[in-house]
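Student: Here it is, the structure, as C-alpha cells.
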C-alpha cells in the first residue's frame, strides 16, 4: 500500500478507530524534548513554560521529531500544568525537578484560585502553535492535542512538587471527597476547554495524560477519578477526533480507563500487549515498548520491538509507542531505528 | 480463641502455611524505622549500616515496633545491601538517598569483587542480633529473617544509586545475559547464606525483598530473574520455615512470584486482595493497605483497613500488612490503631 492523501486515512487516525492502516503507526511520548540535540540547541536554559508560550519555538519543537524520525504523528509540545499556570495558579516547571507550585492546593479556599480557563484569552499561544504546526505538517500527518487528566494535574497542585507516594492527594481524596470532586470537576473543565481549543485550531486526535493514575487501586480510581476523566472524553466526543488515554503502572485500571470514554488505551511495558488488549475489548491500544530498554544495544531493542508487534499479531487498532515518555539519555538513532523497524515489519492484517 | 503457647501456633506462621489462626496476623514492612521517635532517639545520625553492625542497637530497633504496636512478628532490622557491604563491595546507605555504590558493577571483571558471603565471618553481628531478638521475643512472636532478592540487589549494584528506570540494569540483562545470570546466581548464593544463618540463629520465617521487580514485564522476569529467586526459595525449603516473597507494582508478576517457590506472596495496594488471591492459587497472601492512605484521618484509614479484610473474606492464609514500607511521615498512633482494628475485626474462618 502507499501513503494516502487524506488526513482521515492517516495510519494513526485509522488505527485509533480500530481500522486497518497501510502501516503500523508509531510515535513516541515526549518525542519532542531533551533527547534531541536540535531541541537542546533551540531551548537553551529557559523555563519550558516560556518555550511553550512562544508559538514559533513551540511549533518548531513539535515538528523536530517528525522530521527526524518520520513518526506518524506530532504531539503538541506542552506540559500538563499549562492551563493552571495560564490562569495564574502559581506553578512553574523547574528544570531537574518538574512542576512546582508556590502555594499548593490544600483547602476549599483554594478553589477560588481555580477560575475557568479561557484558552483564547489565557493562552492564545497554544492555538497559534497548533495552527503553525498543522500548516507545516500538511495533509498527511496528524497533530495530537495534549492535556493533563484531572487526577494527575490535581496531584501536582496538591503535593506542590513531584511525589512518589501522593500521600497528600490521597488524604484529600478520601477525607474531603466533596472538595476533591469539585477540584477534579474544575480541572476537567480546564482540560475540556484546552482540548476543544486545540481541536478547533487543527489537532486531529487528543491524548489525556493521567500519568500517575496507576498509584491508585481500581475502586478508588473508579469512584474518585474516573467520573472527571469521563467528563473530558464525553465533551470531546462530538468533535469526532480519536481520544487516547494514557497512564503508567495502570495494569489493573486498563478496563476502567477504556470505559472512561477513550478510543485508545495506553499500555506501559509491564502488561504484555496481548493481555492488555483483552482488558480493553473494542478499544485500540497504544504502546508498549519499555523506554529503559532503549538504552540497550540495537539487537536488544529490535528484539523487544518485534515482541510488541508479535503480541499484537497484526490486529488493527495498534499504535506503536513507548510505554512511557522518551528519557533524556536515549539515543535518537535508536528511536529512528525503531520507527523504521515498525514501518518495515509491522502489519495490520491479522 | 486465646493466644497459643507454642511458636508454631503463632498466627503469622499458621497464616503463612494457609491455616486458620486465632487472629489475623499483622505486621508492617519497615515497622522498625524513622517513623518511630524511639528509633530516631536511638539511631541518631550515623549510617544505618553502623546500626545494623551493632547487635544491641539492632536488636532494640527490631523490638521497638513489637512493643509499641503489638504486631504479630518482628522483622530483622537490616538492609538489602548488608551482605554486599559485608564482603567489601563498596556500598553505603546514604541518608536521604539510599544505597550508593562507589564503583558500580558494570563488566565481567566486577564478578571478582563478589566473593562468597560467609555470614559467620563477614557479618557475625547479624546472627548475634537474631539471637538477642529471639531471646527477647520469647515463645509466641516469630522473627522474620530478611534478604534482598537477586534482581533488586543487582539493580543497586549496577545503577550505583536508586533509579527510577533501571536502564543500566535492563541493558545488562538483555545485552549480556550470561554475565547477568552469573551475577544473579552469586547474589542468590549470598541471599541463601544470609537467610540460612538467620534461620540457624532463630528466625522462624523469611522474606525475600524483590522490591523493584515490578519494573519488569512478565516474560523478562520469568527468563532472567525468576530462576535466581527460585534458587533461593529452594535452598530454604528444607528448613521448613515459611517463605514470603515481596515486590511493589507486581500485579502482572504475582503468579510467577508465587511459582518461584514462595509460601506467601506480597501484594501492594494496586491489586485488590480478592483478585490477588486468584492469581496465586494455593498460596497465602500478605498486604495490602496503601501506606500513603495512612496519612489520612483515622476514619479513612479504618475504612480502607476494613476493605482489605473484607476482600479477604476471612479466608485463612492472609497476613495483614501495608502494600509497601512504612514511610517516615506516618503517625505511629495510626499504625497502632490499624493493628488493633485488624486484631478486633479480622477473622480467619471464611
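Chains as they are written, first to last, in the working numbering: chain A, 47 to 396; chain B, 47 to 396. We treat Cβ as the ideally placed atom computed from N, Cα and C, and that holds for glycine.
(1) Alpha carbon to alpha carbon, what distance is there between residue 240/B and residue 213/A?
(2) Identify the continuous alpha helix (DSSP H) that holds residue 289/A and give its terminal residues.
(3) With H, G and I counted as helix, E and B as strand and the rest as coil, what does DSSP make of residue 133/B?
(4) Compare the C-beta of residue 315/A with all C-beta atoms of chain B and state if any pair is closer than 8 Å.
(5) What are the boundary residues of the beta strand (DSSP E) that residue 276/A is part of?
(6) Please report whether the beta-carbon of residue 220/A lies at a distance below 8 Å from any beta-carbon of chain B.
(7) Please list, in chain order, all residues of the same chain as residue 173/B whose beta carbon is under 8 Å from its beta carbon, the five residues on each side excluded.
(8) At the level of alpha carbons, what is the spacing between residue 305/B and residue 74/A?
(9) At which residues does the alpha helix (DSSP H) containing residue 302/B begin and terminate?
(10) For residue 47/B and residue 228/B, what's the separation of their Cα atoms in angstroms?
(11) Would DSSP call residue 191/A helix, strand or coil?
(12) Helix, strand or coil for residue 197/A? Go by DSSP, reduced to three states.
(13) Taking only beta-carbon positions, decide if residue 47/B is within less than 8 Å of chain A.
(14) By a C-beta neighbour count over all protein chains shown, 10 Å radius and 16 as the cutoff for buried, is residue 176/A buried or exposed?
(15) Along the chain, which unbroken stretches of the beta strand (DSSP E) at least 3 residues long are found entirely within the segment 202-264 of chain A?
(16) Within 10 Å of its beta-carbon, does residue 283/B have 16 or more other beta-carbons around it, so buried, or fewer, so exposed?
(17) Are residue 290/B and residue 312/B touching if we call contact CB-CB under 8 Å?
(18) Output needed in chain order: residues of the segment 62-95 of chain B with a Cβ under 9 Å from some Cβ in chain A.
(19) Compute the Euclidean distance between the alpha carbons of residue 159/A and residue 153/A, then round it to the nearest angstrom.
(20) Could you work out which residue in 61/A, 253/A, 88/A is closest to residue 393/A when comparing CA atoms only?
(21) Give the DSSP-derived three-state secondary structure of residue 297/B in the structure shown.
(22) For residue 202/A, which residues in chain B fall below 7 Å Cβ to Cβ?
(23) Can you confirm whether residue 148/B, when its beta carbon is compared against all beta carbons of chain A, has any partner nearer than 8 Å?
(24) Does the beta-carbon distance from residue 39/B to residue 200/B come in below 8 Å?
(25) Using 8 Å as the limit for Cβ to Cβ distance, is residue 246/B near chain A?
(26) Assess contact between the segment 377-392 of chain B and the segment 64-79 of chain B, defined as three or more Cβ pairs (one per stretch) separated by less than 8 Å. Is contact present?
(27) Pick from 215/B, 82/B, 236/B: whose alpha carbon is nearest that of residue 150/B?
(28) Anything in the segment 291-313 of chain B with a Cβ closer than 7 Å to a Cβ of chain A? List those residues in chain order, please.
(29) According to DSSP, is residue 138/B helix, strand or coil?
(30) Please list, in chain order, all residues of the same chain as residue 374/B whose beta carbon is under 6 Å from its beta carbon, the five residues on each side excluded.
(31) Count the other CB atoms within 10 Å of the CB of residue 350/A; is the residue buried (16 or more) or exposed (fewer)?
(32) For a contact meaning CB atoms closer than 9 Å, what does residue 341/A contact in chain B?
(33) Going by DSSP in three states, residue 379/B sits in which element: helix, strand or coil?
(34) What is the rounded straight-line gap between the Cα of residue 180/B and the Cα of residue 188/B?
Tutor: Reading it off the structure:
(1) As the crow flies, the alpha-carbon of residue 213/A is around 34 Å from that of residue 240/B.
(2) Looking at the DSSP string, residue 289/A is not in any alpha helix (DSSP H); the run it does join, the beta strand (DSSP E), is 289-292.
(3) The answer is coil: DSSP assigns residue 133/B none of H, G, I, E or B.
(4) Interface flag for residue 315/A against chain B is set, since a Cβ pair is found closer than 8 Å.
(5) From DSSP, residue 276/A is part of no beta strand (DSSP E) but of the alpha helix (DSSP H) over 272-283.
(6) Closer than 8 Å to some Cβ of chain B, the Cβ of residue 220/A qualifies, so yes.
(7) Excluding residues up to 5 positions away in sequence, 165, 166, 243, 244, 246, 247 lie with their Cβ nearer than 8 Å to the Cβ of residue 173/B in the same chain.
(8) Going from the Cα of residue 305/B to the Cα of residue 74/A covers about 35 Å.
(9) 300-305 is the extent of the alpha helix (DSSP H) around residue 302/B.
(10) Only weak support exists for where residue 47/B lies, its pLDDT of 49 falling under 50; the coordinates are left without a value.
(11) Reduced to three states, the DSSP call for residue 191/A is strand.
(12) Three-state result, residue 197/A: helix.
(13) Because the pLDDT of residue 47/B is 49, which lies under 50, any placement of that residue in the model is unreliable, and the question is left without a value.
(14) By the 16-neighbour rule on beta-carbons within 10 angstroms, residue 176/A is buried.
(15) Annotation note: the segment 202-264 of chain A contains the following uninterrupted beta strand (DSSP E) runs of length 3 or greater, listed N- to C-terminal: 251-255.
(16) So residue 283/B ends up on the exposed side.
(17) Closer than 8 Å, so yes.
(18) Residues of the segment 62-95 of chain B with a C-beta atom less than 9 Å from some C-beta of chain A do not occur.
(19) Near 11 Å, if we compare the C-alpha coordinates of residue 153/A and residue 159/A.
(20) Minimum Cα distance to residue 393/A is reached at 61/A.
(21) In the structure shown, residue 297/B sits in a helix (DSSP, three-state: H, G or I).
(22) Neighbours of residue 202/A in chain B, taken as residues at a C-beta separation under 7 Å, are lacking, since the least C-beta distance is about 16 Å.
(23) With 8 Å as the cut-off, residue 148/B does not count as an interface residue toward chain A.
(24) Past the edges of chain B, shown from 47 to 396, lies residue 39/B, and the structure says nothing about it.
(25) Judged by the 8 Å Cβ criterion, residue 246/B is not in contact with chain A.
(26) Counting Cβ pairs under 8 Å, three or more are found: they touch.
(27) Minimum Cα-Cα distance from residue 150/B among the listed residues 215/B, 82/B, 236/B corresponds to 215/B.
(28) Residues are counted here when their Cβ sits less than 7 Å from a Cβ of chain A; for the segment 291-313 of chain B these are 295, 297, 298, given in chain order.
(29) Looking at residue 138/B - three-state DSSP - the assignment turns out to be strand.
(30) Closer than 6 Å at Cβ, skipping near neighbours: 80, 81.
(31) Around the beta-carbon of residue 350/A, 16 or more other beta-carbon atoms lie within 10 Å, marking it buried.
(32) 211, 213, 214, 216, 217, listed in chain order.
(33) Three-state result, residue 379/B: helix.
(34) Each residue's alpha carbon lies about 8 Å from the other.
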